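Undergrad: Protein chains in written order, with this note's numbering: chain A, 1 to 215; chain B, 1 to 215; chain C, 1 to 299; chain D, 1 to 299.
Would you mind keeping the following structure in view while I ask a few things?
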Amino acid sequence: MIRFDRVSKRYPPGIDALGDLSFEIAERELAVINGHSGAGKSTLLKLIAAMERPTGGAVLVGGQNVGSLTRSSLPYLRRRIGMIFQDQKLLFDRSAFDNVMLPLEIAGFPPREAAQRVRAALDKVGLGQREKAMPIALSGGEQQRLAIARAVVNRPSLLLADEPTAHLDTDTANDVARIFMEFHRVGVTVLIATYANDLFPRARRLRLDHGKLLT
Amino acid sequence: MIRFDRVSKRYPPGIDALGDLSFEIAERELAVINGHSGAGKSTLLKLIAAMERPTGGAVLVGGQNVGSLTRSSLPYLRRRIGMIFQDQKLLFDRSAFDNVMLPLEIAGFPPREAAQRVRAALDKVGLGQREKAMPIALSGGEQQRLAIARAVVNRPSLLLADEPTAHLDTDTANDVARIFMEFHRVGVTVLIATYANDLFPRARRLRLDHGKLLT
Amino acid sequence: MSIWLTQHLNALRLALRRLGAMPLNTLLSLLSIGVALALPAGGQMLLANALQLAGTTSTAPQISLFMANAADRRAANEIENRLRRYGGVKQVQFMAREDTLARMKSGQGLREVIDALPTNPFPDAFVITAADDRPEAMEGLAAEFRRWPKVEHVQLDSAWVRRLDALLKLGRTAVILLGVLLGAGLIAITFTTIRMQVLTSRAEIEVSQLLGATDGFIRRPFLYFGALLGLGGGVFAWVLVGAAALWLRTPLGDLVRLYDLTLVIQPLGTLDSALLLAFAASLGWLGALLSLRQHLRQP
Amino acid sequence: MSIWLTQHLNALRLALRRLGAMPLNTLLSLLSIGVALALPAGGQMLLANALQLAGTTSTAPQISLFMANAADRRAANEIENRLRRYGGVKQVQFMAREDTLARMKSGQGLREVIDALPTNPFPDAFVITAADDRPEAMEGLAAEFRRWPKVEHVQLDSAWVRRLDALLKLGRTAVILLGVLLGAGLIAITFTTIRMQVLTSRAEIEVSQLLGATDGFIRRPFLYFGALLGLGGGVFAWVLVGAAALWLRTPLGDLVRLYDLTLVIQPLGTLDSALLLAFAASLGWLGALLSLRQHLRQP
Ligand SMILES: Nc1ncnc2c1ncn2[C@@H]1O[C@H](COP(=O)(O)OP(=O)(O)OP(=O)(O)O)[C@@H](O)[C@H]1O
Ligand SMILES: Nc1ncnc2c1ncn2[C@@H]1O[C@H](COP(=O)(O)OP(=O)(O)OP(=O)(O)O)[C@@H](O)[C@H]1O
Ligand SMILES: [Mg+2]
Ligand SMILES: [Mg+2]
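And the structure:
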């Protein structure tokens, strides 16, 4: 599903975030990326979603070289990916419901079916009662769960999560972990960057250190 | 230093975030607030910094009733408080250096001394080499540390931290915890909302559950 | 098809909500665009009215041709025929010497003078309107007429012509100046307004892109927003121009009445109104399109 | 004191950086404000020139007073003395009947007529300029003169007066209209531009408040920003008006020459220029102040 082939990423002022990275993640696999702050975990996920382009090597997603995608084919890659961003990227001028609705609107879902899906996703993360709330009126953990609902509402075939449990207490984090396991079970490829390695005991583990893979 | 006197906070659509809360935190004390997602931890900190006003009861900081402060005396309360926000609230159009400089500029520090202090604060959180970077070019954990540097640069007498280690790996989290302990040791009152209760083993512990204090 | 419609309705709804979310901004924007549009539209209205006025009155410059005093009526008739057949002549009016005498007598203070004269001192005359009223063409005609037999004197109303010419030149310069200035200003204002909306929606654009939105999807609500804002500004300009027309009706009417003309100033016609609104909406649409260009270029 | 200066310098630096950070926006804003300012400033320039022109030429309406034909020079002298002593009269010009006759003879086609006359048909006459040239006042004077002995006829150049009056009324209406329109437009444009900046700086305002910034501290860079933007727009307007003055110089000069006047159009004077720039900067400053009001009201 995902293949990194000698990928390196250097940010403008000469910061090597990733260096000569090669690995493969099979379809339907559940993998966890660990590593210290600044190790390159977010960069790795951004390369998969084509939010950044590698400065060396090739990133392949479902056989497609993501780094050489044209602008106009980018949206279709991203619709197949559900992504939870480290900084959440919620829209603060839309209600929780509308935030989760957005990916479905973009994909052009019929409104009736879309509304049902949105409610199901909000229920799953425990925000069923807060659909009318604006994100500013949600606690940090609730915002995080809202971001998770938005990522999964579209039933993507690939789920990328950057610190999805950073703002969650242990119980809620376990609930969230269970959601990811469920998706994994029904055949979704799941890739999670997190410090909480005890949440996914049976997952494959990738350890990053200063942009290099430890094995 | 801080006294909550039967404080309650109800948000507009009828959400009771805090109910009938009474406790006291002495000067130079180190206290940790625990509680599930949505328990009211952030709300409690916001009441102290007068970012929200209580709907019942009184919040006293250094003997002052914070809820009845006039608009014009608010800034002077806030200058005595160093606050780390759950959503960090960095300015993305200023460099790391300028972000940390902001509280000193506001307080009217002489530029020369201010620059020294800023560099010292950045060094303390391990961002000494990144002072020219824009926040967008920092990893999640680096942003969090930048927010910490900004909160402490002014050497406040009260430090409020909302999930300061949410985006940090265990090692970095321990470094940050050490910074807080240091401030505590030199006489600063420190109040931290966090899930990571093992980081501050000797701290006083307040447990929130659905807006009520567990004892 | 249904999804296509849904997406457009959603975009329109979003655009309306954005307009409503910042009512003061919307109002100020409408005001800016409306005023910027009202000035050229008002100029167009005044111009249209001036043209209509010019159509109802013969303000064309004329040539006066005086026969020799000795010439008789037959000679005058010959000249008249010749004038009527002549190419560049549009209209010929004969003024018999008897009529001129009678008219002069009725003039103030001249009756006694004229009564005292042994013979009629006035010659037969023609007032000629030229087909082509540019000064050079008129000069040419006058020169030609001067060569004709029994013509004593040909007088060109040349000061009048040159004044009109200078006025027109000035008017044209002023219109060009105003047009360029206001055109640039209008575009700048519309763009500024819409860029403001785009800037405050940066987060939304970014997030939508990350969630797989096509450029078209992102653009749509902004295009509606721009077009609605432009249209609103256009309507506002239309109202302003209409109000100005009403306000100016009395003083302008008073003025032209003194020149023995009547003018009831007309507001913008249906076609002009439609053009104004279409132009305003397109401008807003274009402003949105261009404002988005640079934002969408980013990854 | 030094800290005060530092804070102001910081605010100024921040304002300049913001202007530079979005050069296209800044340019468009300058353009909008400049154009909006240029129109009233240009109007003011034209008005100043028109007044100067009016000063060099006696365009005041006049009263013509004709003595009876039978009146002799003594009667005329009496009337002249009476006129010169009369309150509302500003200027009196005597036209002796002999001069009038001579002037008429030199006129086209009248020489023979006049030579044929036994006596001079023209009376002595006066051309009177009134101190107060409002139509009613002039009518009053004329009525008074008509009652004087040996005065045959008093003619008021009333059509002229009424035309001038109508023109002035129209001009005043147009100026009020333009002034209101452009004033509203200018304020809206300036505010829109500055509100855009405030909106894109919402995060900064919020964070500064949370870090203990006073309202004054937050306001300062925005006030500089607004004032700089207004000033820039004012300079731009000044350049536009100057260019327009150069451009209009030739056609306007041509026009007034036809009326036997000379006009070399002058650009805005030093005082007007200074006023323009000060007004522009204050407007920007005020726009920033008002735009910030509602943002600072929030907690
Ligand atoms: N846009 C950028 N420009 C420059 N440097 C960048 C940029 N983004 C990331 N970096 C740098 O690249 C390195 C890796 O960043 P990355 O965000 O991938 O780390 P991370 O493993 O996600 O860390 P964290 O756990 O703190 O989020 C860091 O040193 C960071 O400062
Ligand atoms: N501005 C607001 N308007 C309405 N409800 C709010 C607002 N802010 C917080 N709440 C609600 O109040 C409750 C407590 O929120 P608070 O942010 O204090 O929780 P928390 O303990 O910080 O949770 P977390 O650990 O998830 O950040 C939550 O249910 C939240 O949805
Ligand atoms: Mg990261
Ligand atoms: Mg919280």
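All C-beta atoms, glycine included, are put in the ideal place defined by N, C-alpha and C.
All values reported here derive from a predicted model rather than from experimental measurement.
#1: Any heavy atom of ligand 6 closer than 7 Å to the Cβ of Gln129(B)?
#2: Please report whether the beta-carbon of Leu160(B) lies at a distance below 8 Å from any beta-carbon of chain A.
#3: Just checking Ser139(B) against ligand 3 - is the residue's beta carbon closer than 7 Å to any of the ligand's heavy atoms?
#4: Could you tell me whether the Cβ atoms of Gly40(A) and Ala58(A) are closer together than 8 Å?
#5: Is it the case that the Cβ atoms of Ala143(C) and Lys90(C) are separated by a distance below 8 Å?
#6: Say the cut is 7 Å; is the CB of Gln144(A) nearer than that to a heavy atom of ligand 3?
#7: Just to check my reading of the structure: Gly185(C) and Ser32(D) have Cβ atoms closer than 8 Å, yes? What is that Cβ distance to the nearest angstrom?
#8: Quick check on this structure: which residue in Leu177(C), Ala38(C), Phe222(C) and Trp285(C) has the alpha carbon closest to the alpha carbon of Ile205(C)?
#9: Alpha carbon to alpha carbon, how far is Phe225(D) from Met51(B)?
#10: Less than 7 Å between the CB of Thr43(A) and some heavy atom of ligand 1, yes or no?
#11: Smallest Cα separation from Leu199(C): which of Leu240(D), Leu12(D), Leu24(D) and Leu182(D)?
#12: What is the DSSP secondary structure of Ser64(D), counted as helix, strand or coil?
#13: For Leu45(B) and Ser157(B), what's the separation of their Cα atoms in angstroms?
#14: Taking the Cβ atom as the reference point for each residue, do Leu156(C) and Ile265(C) lie within a distance shorter than 8 Å?
#15: Closer than 7 Å to a non-hydrogen atom of ligand 4 - does that hold for the CB of Gln86(B)?
#16: Check Ala161(B) in the structure and name its three-state DSSP category.
#17: Under the three-state reduction of DSSP, which class applies to Gln44(C): helix, strand or coil?
#18: Would you check if the distance between the CB atom of Asn120(C) and the CB atom of Leu101(C) is smaller than 8 Å?
#19: CB of Asp272(D) to nearest heavy atom of ligand 3: below 7 Å?
#20: For Asn154(A), which of helix, strand or coil comes out of DSSP?
#21: Taking the C-alpha atoms as reference points, what is the distance between Asp5(B) and Asp20(B)?
#22: So what's Leu91(A) in DSSP terms, helix, strand or just coil?
#23: By a C-beta neighbour count over all protein chains shown, 10 Å radius and 16 as the cutoff for buried, is Arg80(A) buried or exposed?
#24: Consider the Cβ of Gln7(C): report whether some Cβ of chain A lies at a distance smaller than 8 Å.
#25: Which residue marks the beginning of the alpha helix (DSSP H) containing Gln266(C), and which one marks its end?
#26: Measuring only the C-alpha atoms, how far is Leu213(A) from Thr192(D)?
#27: Quick check: does the Cβ of Pro12(B) come within less than 7 Å of any heavy atom belonging to ligand 2?
#28: Check whether the segment 123-134 of chain B and the segment 68-85 of chain B are in contact - that is, three or more C-beta pairs closer than 8 Å.
#29: If the cut is a Cβ gap below 7 Å, which residues of chain C does Pro75(A) touch?
#30: Expressed to the nearest angstrom, what Euclidean distance is found between the alpha-carbon atoms of Ala203(A) and Tyr11(A)?
#31: Between the C-alpha atoms of Gln64(B) and His167(B), what's the straight-line distance to the nearest angstrom?
#32: Beta carbons nearer than 7 Å to chain A: which residues of the segment 168-192 of chain B have them?
#33: May I ask you to verify whether the segment 238-256 of chain D touches the segment 286-293 of chain D, counting CB pairs closer than 8 Å and requiring at least 3?
#34: When you compare only the Cα positions, how much space is there between Asp87(B) and Ala203(C)?
#35: Check the C-beta distance from Phe126(D) over to Phe94(D) and give it rounded, since I have them as a contact under 8 Å.
#36: According to the Cβ coordinates, are Gly126(A) and Arg119(A) closer than 8 Å?
TA: In terms of the structure at hand:
#1: Although ligand 6 was asked about, the structure shown includes only ligand 1, ligand 2, ligand 3 and ligand 4 as ligands.
#2: Counted from its first residue, the second sequence places residue 160(B) at position 160. It does not: the Cβ of Leu160(B) has no partner Cβ on chain A nearer than 8 Å.
#3: The count along the second sequence starts at 1 and reaches residue 139(B) at position 139. Correct: Ser139(B) has its Cβ closer than 7 Å to ligand 3.
#4: On the first sequence, position 40 is the one that residue 40(A) refers to. On the first sequence, position 58 is the one that residue 58(A) refers to. Not in contact: Gly40(A) and Ala58(A) (Cβ atoms no closer than 8 Å).
#5: Counting from one through the third sequence, the residue named residue 143(C) turns up at place 143. Counting from one through the third sequence, the residue named residue 90(C) turns up at place 90. No.
#6: Stepping through the first sequence from its first residue, residue 144(A) is reached at position 144. No, ligand 3 has no heavy atom inside 7 Å of this Cβ.
#7: One-based indexing of the third sequence puts residue 185(C) at position 185. One-based indexing of the fourth sequence puts residue 32(D) at position 32. The C-beta separation of Gly185(C) from Ser32(D) comes to about 6 Å, placing the pair in contact by the 8 Å criterion.
#8: Counting from one through the third sequence, the residue named residue 205(C) turns up at place 205. Residue Phe222(C) is the option with its Cα nearest to Ile205(C).
#9: In the fourth sequence, the residue the question calls residue 225(D) occupies position 225. In the second sequence, the residue the question calls residue 51(B) occupies position 51. Taking the straight line joining both Cα atoms gives about 28 Å.
#10: Here residue 43(A) refers to the residue found at position 43 when the first sequence is read from its first residue. Yes - ligand 1 has a heavy atom lying nearer than 7 Å to the Cβ of Thr43(A).
#11: Translated into positions along the third sequence, residue 199(C) becomes position 199. That would be Leu24(D), whose Cα lies nearest to the Cα of Leu199(C).
#12: Indexing the fourth sequence from 1 puts residue 64(D) at position 64. Looking at Ser64(D) - three-state DSSP - the assignment turns out to be strand.
#13: Residue 45(B) sits at position 45 when you count from the first residue of the second sequence. Residue 157(B) sits at position 157 when you count from the first residue of the second sequence. Rounded to whole angstroms, Leu45(B) to Ser157(B) spans 15 Å at the Cα level.
#14: Numbered from 1 along the third sequence, position 156 holds the residue referred to as residue 156(C). Numbered from 1 along the third sequence, position 265 holds the residue referred to as residue 265(C). No, the Cβ-Cβ distance between Leu156(C) and Ile265(C) is not below 8 Å.
#15: Here residue 86(B) is taken as the residue at index 86 of the second sequence, counted from 1. Flag set: Cβ of Gln86(B) near ligand 4.
#16: Locating residue 161(B) in the second sequence gives position 161, counting from the first residue. Taken through DSSP and simplified to helix, strand or coil, Ala161(B) comes out as strand.
#17: Within the third sequence, numbered from 1, the residue matching residue 44(C) stands at position 44. Helix, per DSSP.
#18: The residue given as residue 120(C) occupies position 120 in the third sequence. The residue given as residue 101(C) occupies position 101 in the third sequence. Yes. Within cutoff.
#19: To locate residue 272(D), count along the fourth sequence from 1; it is residue 272. For ligand 3, not one heavy atom lies less than 7 Å from the Cβ of Asp272(D).
#20: Position 154 of the first sequence, counting from 1, holds the residue named residue 154(A). Reduced to three states, the DSSP call for Asn154(A) is coil.
#21: Position 5 of the second sequence holds residue 5(B). Position 20 of the second sequence holds residue 20(B). Asp5(B) and Asp20(B): Cα-Cα distance of roughly 8 Å.
#22: For the purposes of this step, residue 91(A) is taken as residue 91 along the first sequence, with counting starting at 1. Three-state result, Leu91(A): coil.
#23: By one-based count along the first sequence, residue 80(A) stands at place 80. It is exposed - the Cβ of Arg80(A) has fewer than 16 other Cβ atoms within 10 Å.
#24: Mapped onto the third sequence, residue 7(C) falls at position 7. Yes, because at least one Cβ of chain A sits closer than 8 Å to the Cβ of Gln7(C).
#25: Locating residue 266(C) in the third sequence gives position 266, counting from the first residue. Element bounds for Gln266(C): n/a, residue is neither H nor E.
#26: Taking the first sequence and counting its residues from 1, one reaches residue 213(A) at position 213. Taking the fourth sequence and counting its residues from 1, one reaches residue 192(D) at position 192. Straight-line Cα distance between these residues: approximately 52 Å.
#27: In the second sequence, the residue the question calls residue 12(B) occupies position 12. Correct: Pro12(B) has its Cβ closer than 7 Å to ligand 2.
#28: When Cβ pairs closer than 8 Å are counted between the two stretches, the segment 123-134 of chain B is seen not to touch the segment 68-85 of chain B, the count staying below three.
#29: Along the first sequence, read from residue 1 onward, the residue named residue 75(A) stands at position 75. Gly212, Ala213 and Thr214, listed in chain order.
#30: Along the first sequence, one-based indexing puts residue 203(A) at 203. Along the first sequence, one-based indexing puts residue 11(A) at 11. Rounded to whole angstroms, the separation of the alpha carbons of Tyr11(A) and Ala203(A) is 30 Å.
#31: The residue labelled residue 64(B) in the question sits at position 64 within the second sequence. The residue labelled residue 167(B) in the question sits at position 167 within the second sequence. Roughly 34 Å between the two C-alpha positions.
#32: Cβ contacts with chain A: Leu168, Asp169, Thr170, Asp171 and Thr172.
#33: no
#34: Looking up residue 87(B) in the second sequence gives position 87. Looking up residue 203(C) in the third sequence gives position 203. Looking at the two C-alpha atoms, the distance is approximately 16 Å.
#35: Within the fourth sequence, numbered from 1, the residue matching residue 126(D) stands at position 126. Within the fourth sequence, numbered from 1, the residue matching residue 94(D) stands at position 94. The pair is a contact, with the Cβ atoms about 6 Å apart (cut-off 8 Å).
#36: For the purposes of this step, residue 126(A) is taken as residue 126 along the first sequence, with counting starting at 1. For the purposes of this step, residue 119(A) is taken as residue 119 along the first sequence, with counting starting at 1. Their beta carbons are not under 8 Å apart, which means Gly126(A) does not touch Arg119(A) by this criterion.
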